[in-house]
Every structure is written in C-alpha cells, then in structure tokens.
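Each residue of the sequence shown is one higher than the one before, counting from 20 in this note's numbering. Worksheet: one structure, shown below.
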Amino acid sequence: MIIKIGHRGARGYEPENTILSFEKALELGVDWVELDVYRCKTGEIVAVHDRKLDRSTNGSGVVADKSFAEVRALDAGKGQHIPTLEEVLVCVDKRAKVNIEIKGEDAAKPVAEIIERYVQENGWQHEDFLVSSFNHYELLAFSRICPQVKVGAVIAGIPIGYAEGATKVNAYSVHPSKEFINQALVDDAHNRDMKVFVYTVNDPDDIERVKALGVDGIFSDFPDRL
Ligand code: G3P
Ligand code: CA
20 MIIKIGHRGA RGYEPENTIL SFEKALELGV DWVELDVYRC KTGEIVAVHD RKLDRSTNGS
80 GVVADKSFAE VRALDAGKGQ HIPTLEEVLV CVDKRAKVNI EIKGEDAAKP VAEIIERYVQ
140 ENGWQHEDFL VSSFNHYELL AFSRICPQVK VGAVIAGIPI GYAEGATKVN AYSVHPSKEF
200 INQALVDDAH NRDMKVFVYT VNDPDDIERV KALGVDGIFS DFPDRL
C-alpha cells in the first residue's frame, strides 16, 4: 500500500500549513501529515513554507526575523493563524504520523525538544515522526540530538550516486521530486533499504507514473486522489 502524505495538510483544499488544512488532510484519511517549519526570532517553531511571509500571508518579511507575536498577528488564509508545531501536534493528536520538514536554520534543536516532550508527556511514539529537510546538515544536527527519530533526505534532482548521499545522514527515506524521479533512483534507494517518498504529486497521470516506479509514499495537495 502506498503511504498517503497530506502535503502542507491538504493544500489543494485549504490554506497550506494551517489547522484547517491539517484537519482536512485527516478527514481525507492520510497516513502522514507533512508540514514545513521555521524558527522565528523569539524561538518558537512555526508552520510556514517560505522564508518570507509574503506569499502565504497578509504580512511580509523574513520569518526568522519576526517575533512570534508578529507572526501570530497575520492571516494565513481564511482567517487562520500560522500555527506552532505544538498546535499542529495537538490538532493531529496521533490520528496520523507527522513529517516535519525543517526549512530554516537553527530549528533542529527546538524541533527535537518538542518531539521529545510529546513522546515523554503526551503519549506519542518516536516512530510517529519523520523529520526531513533539503538541508542535510540540519538532519545531521537533528539526529545527533534525537537519534530515535527517523530522518528523510529531501532532494531536488538526481544526485551523482543516486541515494548514496542520503546514507551520510543515515536516512530512513529519500524524498525526490516528481519532476526528476526515475527508476534508477528508486531502485538504488531500495537497494540501500531506504523508502522513497515522492513530492508533490497532484495530477492523476503523474500519480500513476510514480506508482509504477514502485515508490513507497506520495506527497499530495489532494491526498484523496492517491
Ligand atoms: O518534503 C517534500 C516537499 O514538501 C518538499 O517541497 O517545497 O513543498 O516543501 P516543498
Ligand atoms: Ca514541504
């Protein structure tokens, strides 16, 4: 069975990375919820995709330069606030697993601390989480603090050596783009005992194409299409 991953919640239906979007993804029966996180200036970990606030909110400027109060005052669509990582976990409430994609720098430690707190105090398991990033140095930093949680190496193209680079962070999974994924990459990852979770696949033809390659999971803005 293909693992269904709700991309930024269910971005095709609700404003991305908001509680509305995560609720929608859960309603659609996802196995995993994916969110993007940055650390804001005052240290809180917030769910937002871009380095800047301009595209997805009514604000502007760099997330990492803003206080939590400034971030919190913004409308992320349909009157939704940008949620904290903790608020997303309270929303999901173990109804799905959670893929936290670290976007900015300096987020590995606070993300690890939040996961550990939810494991120790709120009944979550380490295996309920997958931490991923395009920045593989952040994954190394995260794994040093929290080796019990799986990490996923997000990649944009087809690297020399296919999934070999992901072994350097001891990745559980490699996350290629639908634009570049090919059979050689999928086979190489599987030969290295890594899962392949492909992003972001919305078009039915693309869904069939990546399924035929034998991927293990698919990120989609429309997870009900999977
Ligand atoms: O983690 C998979 C995918 O979400 C990466 O791309 O830009 O949507 O975060 P992006
Ligand atoms: Ca993402």
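Built from N, CA and C at the ideal position, the CB exists for glycine as well.
Cβ pair residue i, residue j closer than 8 Å
i, j, result
"F241", "G31", "yes"
"V188", "A175", "no"
"S75", "V82", "no"
"F148", "I134", "yes"
"A131", "F161", "yes"
"L45", "D243", "no"
"L232", "S239", "no"
Candidates the options, of which the one nearest residue i by Cα
i, options, result
"R211", "E183, E140, H194", "E183"
"Y181", "D69, V111, L47, D207", "D207"
"Y57", "D84, V215, E46, K43", "D84"
"I64", "A127, A190, P223", "A127"
"Q99", "E42, S86, V150", "E42"
"P195", "V217, E35, S152", "V217"
"L104", "A185, C59, N221", "C59"
"K71", "D112, K122, L232", "K122"
"G28", "A88, V234, C110", "C110"
"R114", "K230, V234, G25, N36", "G25"
"K169", "E146, I179, F153", "E146"
"I38", "V107, D225, P166, K23", "V107"
"H209", "E140, G142, V193, Q144", "V193"
"S151", "K214, D112, I226", "K214"
"E140", "D112, E198, F153", "D112"
Ligand 1 heavy atom lying under 7 Å from the CB of residue i
i, result
"D73", "no"
"T37", "no"
"S87", "Note on residue identity: the sequence assigns Phe, not Ser, to residue 87. The answer is no for F87."
"V49", "no"
"V150", "no"
"F41", "no"
Paired residues, beta bridge with residue i - DSSP
i, result
"F148", "V117"
"A172", "S152, V193"
"V53", "Rather than Val, the amino acid found at residue 53 in this sequence is Glu. Per DSSP, N118."
"F238", "I24"
"F161", "DSSP lists no partner for F161."
"K97", "K97 is not bridged to any residue."
"A66", "V56"
"K214", "S192"
Residue i beta carbon near ligand 2 (any heavy atom closer than 7 Å)
i, result
"D55", "yes"
"E157", "no"
"E33", "no"
"E120", "yes"
Quick check: the stretch 53-67 against the stretch 118-126, are at least 3 beta-carbon pairs closer than 8 Å?
These segments touch.
Check whether the stretch 157-168 and the stretch 193-205 touch, using three or more Cβ-Cβ pairs below 8 Å as the test.
no
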